[in-house]
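Sequences listed follow chains A and B, in order. Residue 550, in my numbering, is where the first sequence stops; the numbers in between run on with no holes. Residue 279, in my numbering, is where the second sequence stops; the numbers in between run on with no holes. What follows is one structure encoded as structure tokens, with my remarks underneath.
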Amino acid sequence: MASKKASRRGFLKAGAAAAAMSAMQSAGAQAAVPQAQPQKSLKELVGYGERSHFVTSVRVPVVERPSPDQFGLIFHVLTPLQDQVGSITPSSLHFVGTHRGSIVPDFDPKDYRLMIHGMVDRPLEFTMDELKRFPSVSRVHFIECLGNHSRPEYTTVQQTHGLTSSSEWTGVPLSVLLKEVGVQKGAAWVVSEGSEEVKGAGSFRLAKAMDDCLVAYGQNGEPLRPQQGFPLRLLVPGFEGIYNTKWLRRIKVVDRYYMTYNDYGHIQKDEEIAALTFQWGPKSVITFPSGGQQLPGPGIYQLTGLAWSGGGAVRKVEVSTDGGQTWKEAEIRGAVHPKAHTRFGMNWKWDGQECVLQSRCIDELGQVQPTRAQLAQHFKVTPDYYKTHGVQGSDNMIQPWRVASDGSVHNAIA
Amino acid sequence: MRSLRGLLPVMILALCHAAWAQSPTYGLGRTPSAEEIRAWDIAISPTGKELPPGSGTAKEGAQLYTQKCAACHGTTGSGGPAPMLIKPQSASTSSGPCVAPCIREGNVMALHSPYATTIWDYINRGMPLSQEGTLKPNEVYALTAFLLYKNGVIQEDDVLDAQSLPQVKMPNRDGYALPEWKPGMPRPFSAKP
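Structure, rendered in structure tokens:
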């Protein structure tokens, strides 16, 4: 309490000094040195910076459900991909997804614990400080919600693709922690669980847990944002978003699938569709020009977008500006990390004619991003099927944008 | 190819097991007590092995439902602001827009969930909304029995407890597949370049 008072007094003093200084300056050398009045709080100017008020890009709720809803729950919130540059999503604009809508919990990291138990030799509980005494890794990965699907009625890339984001995550490999507790013979799955009000939990295979999962406390150089699981979350790279348990409090090593509520939320009877559901395929989307944008007229533009894959690194991105008849390799503009958003782009000269733009991703496993027509052919349905049904598995279909001759850009999936 | 694919994970598993059977490298962390583990150990396996003692019937559940659930889920288990829990007798006269995740008719948990344990687990961890964790085990057994009875899965006087709950024959018991997964594995469908 005493220290709080002292610091508040310190803050007031600093404020008074700043005010006195600017008063002196404006009284003295009149218009000689233009002196901007500090309009912003010292908290922002010195403590924690905000973006320019000219930058207004924001997240919006998904079309299907308001956030907050009538129960005060935040459900799925879309990141504004159309406004982003590079390949990292600003932490404050990272999409939000919670299987059930959620109230953002407020955990004091001092009291926070992660428990690992079940089929292990030594059940253990770690504080945040203890977790930071393990060797850390920082890796760039996307997280994408299974709900990220394009529909003909969606108009912008935020609506068609806004449930994916990419960050640099810092934490301890789950495999290191699992070795520390000693996984027993017969173990085959893990259940991870959050500490928020609904204690969201899900199961996935031990082979994945031992491969590249991360118990993360950092995001883009600072602690996780509360909506992203502060103080601790799980990263299950390349798998659908729901596996990336936020507010992680517990990992139980088990011998079988648990069918928790989160697991139940995405069950698929068909084995092939189930496999197409849990791991993301190669995917890409053009973010400029994209739905809802307006080209001022013919001429040169930077066509750009993002590509990623749950199967590994992006090997190549191809772009078609003639509705898929011919394809040209785009430039990769930035770093390529496995299971991470990768920026691509190319010079593009628009001749003022109507055209359809699309991109396709080819990943390091050689997987090629399909069109809806190719998927329809594979599953022996007519393309009309998707007017009334979602695509089989997670939606990594090619996204076409139609540029009309007046320069307006529209969603062109049928 | 097929047989090799089958063998490889076994070999990898064998290798991994040898590697895992190690003593701790860092010696960090503290051993939780059996009591602390039990308090957090709330994910219920389909075998029901984490279920606590207690029991309940649909009759008991009906009362609890009216007191603690009906305000959000509707007095008949449908038509409320929260998702449908009981499939209506007659095809529902559209209860307005269905917010995501849209739950209706054949999709209600008692009919769609492959295991009754999932329902018990979710009510126990997540309901009633904003008063999570307040239900006693007997109440959760009773509410689960009520929802299963009202959807025609069990009889009105069936008693649910740690033994009988995992035995309930759920209509969608085989409604899910568990694909294999190995590092570097492609998905089963990809376009041709």
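For glycine and all other residues, C-beta sits at the position ideal for the given N, C-alpha and C. All figures in this text were calculated on a predicted structure; none of them were measured in a lab.
Quick check on residue i: does DSSP put it in helix, strand or coil?
{"i": "A:K179", "result": "helix"}
{"i": "A:K485", "result": "strand"}
{"i": "A:Q503", "result": "coil"}
{"i": "A:Y437", "result": "strand"}
{"i": "B:G192", "result": "helix"}
{"i": "B:I123", "result": "helix"}
{"i": "A:K523", "result": "helix"}
{"i": "A:Y290", "result": "coil"}
{"i": "A:E316", "result": "helix"}
{"i": "A:Q355", "result": "strand"}
{"i": "A:D391", "result": "coil"}
{"i": "A:H277", "result": "strand"}
{"i": "A:M264", "result": "helix"}
{"i": "A:I497", "result": "Reading off the sequence, residue 497 of chain A comes out as Cys, not Ile. The answer is strand: DSSP assigns A:C497 an E or B state."}
{"i": "A:G377", "result": "helix"}
{"i": "A:V492", "result": "strand"}
{"i": "A:S162", "result": "Model confidence at A:S162 stands at a pLDDT of 46, short of 50, so the residue's coordinates are unreliable and nothing is read from them."}
{"i": "A:S238", "result": "strand"}
{"i": "B:P139", "result": "coil"}
{"i": "A:M533", "result": "coil"}
{"i": "A:L350", "result": "strand"}
{"i": "B:G217", "result": "Note that residue 217 of chain B corresponds to Gln in the displayed sequence, not to Gly. In the structure shown, B:Q217 sits in coil (DSSP, three-state: anything other than H, G, I, E or B)."}
{"i": "B:D260", "result": "coil"}
{"i": "B:K154", "result": "helix"}
{"i": "A:A540", "result": "coil"}
{"i": "A:L384", "result": "strand"}
{"i": "B:Q249", "result": "coil"}
Could you check how far apart the C-beta atoms of residue i and residue j are, in whole angstroms? I think they sit under 8 Å.
{"i": "A:S420", "j": "A:W383", "result": "Contact doesn't hold; Cβ gap of about 31 Å is too wide."}
{"i": "A:L250", "j": "A:L267", "result": "7 Å"}
{"i": "A:Q355", "j": "A:W305", "result": "6 Å"}
{"i": "A:G307", "j": "A:V351", "result": "5 Å"}
{"i": "A:K452", "j": "A:I498", "result": "4 Å"}
{"i": "A:Y467", "j": "A:G447", "result": "First, the residue type needs correcting, since residue 467 of chain A is Glu and not Tyr in the sequence shown. A:E467 to A:G447, Cβ: 22 Å. No contact."}
{"i": "A:N532", "j": "A:Y290", "result": "So it is not a contact: roughly 16 Å between Cβ atoms."}
{"i": "A:F375", "j": "A:Q415", "result": "6 Å"}
Shorter than 8 Å from the beta carbon of residue i to some beta carbon of chain B?
{"i": "A:V472", "result": "no"}
{"i": "A:Q510", "result": "yes"}
{"i": "A:M395", "result": "yes"}
{"i": "A:F262", "result": "yes"}
{"i": "A:Q503", "result": "yes"}
{"i": "A:H285", "result": "no"}
{"i": "A:D458", "result": "no"}
{"i": "A:V334", "result": "yes"}
{"i": "A:Y400", "result": "yes"}
{"i": "A:P506", "result": "yes"}
{"i": "A:A476", "result": "no"}
{"i": "A:R258", "result": "yes"}
{"i": "A:G255", "result": "Before going further, note that residue 255 of chain A is Met rather than Gly in the sequence given. With 8 Å as the cut-off, A:M255 does not count as an interface residue toward chain B."}
{"i": "A:V390", "result": "yes"}
Check whether the Cβ of residue i lies closer than 8 Å to any Cβ atom in chain A.
{"i": "B:R190", "result": "no"}
{"i": "B:Y262", "result": "yes"}
{"i": "B:R273", "result": "yes"}
{"i": "B:Y112", "result": "yes"}
{"i": "B:S164", "result": "no"}
{"i": "B:A228", "result": "no"}
{"i": "B:P118", "result": "yes"}
{"i": "B:T204", "result": "yes"}
{"i": "B:G212", "result": "yes"}
{"i": "B:I123", "result": "yes"}
{"i": "B:P252", "result": "no"}
{"i": "B:A248", "result": "no"}
{"i": "B:A277", "result": "yes"}
What residues in its chain sit with their C-beta under 6 Å from that of residue i, if we drop five residues either side in the sequence?
{"i": "A:D386", "result": "Reading the sequence as shown, one finds Arg at residue 386 of chain A and not Asp. The residues are M251, E329."}
{"i": "A:Y248", "result": "M264, P367"}
{"i": "A:S339", "result": "W325, V327, Y393, Y394, D399"}
{"i": "A:A443", "result": "S420, V450, V453, T478, F480, C497"}
Considering only residues of the same chain and omitting the five flanking positions on each side of residue i, which have a CB-CB separation below 8 Å?
{"i": "A:Q560", "result": "No answer is possible for residue 560 of chain A: the residues shown for chain A start at 137 and end at 550."}
{"i": "A:D391", "result": "M255, G322, A323, A324, W325"}
Can you list, in chain order, the residues of its chain with a C-beta nearer than 7 Å to that of residue i? Leave out the 5 residues immediately preceding and following it.
{"i": "B:I205", "result": "M195, A196, S199, T230, L233"}
{"i": "A:V194", "result": "P216"}
{"i": "A:A509", "result": "P519"}
Counting pairs of beta carbons, one from the segment 214-230 of chain B and one from the segment 132-151 of chain B, are three or more of them closer than 8 Å? As far as the Cβ criterion goes, the segment 214-230 of chain B touches the segment 132-151 of chain B, which means the pair count is three or higher.
Inspect the CB distances between the segment 487-503 of chain A and the segment 254-272 of chain B and report whether three or more fall short of 8 Å. yes
Does the segment 202-214 of chain A touch the segment 226-234 of chain A, meaning 3 or more C-beta pairs lie closer than 8 Å? A contact exists between the segment 226-234 of chain A and the segment 202-214 of chain A.
Do the segment 198-205 of chain A and the segment 175-184 of chain A meet, that is, are 3 or more Cβ pairs less than 8 Å apart? no
Should the segment 150-160 of chain B be called in touch with the segment 211-218 of chain B, which here means at least 3 C-beta pairs below 8 Å? yes
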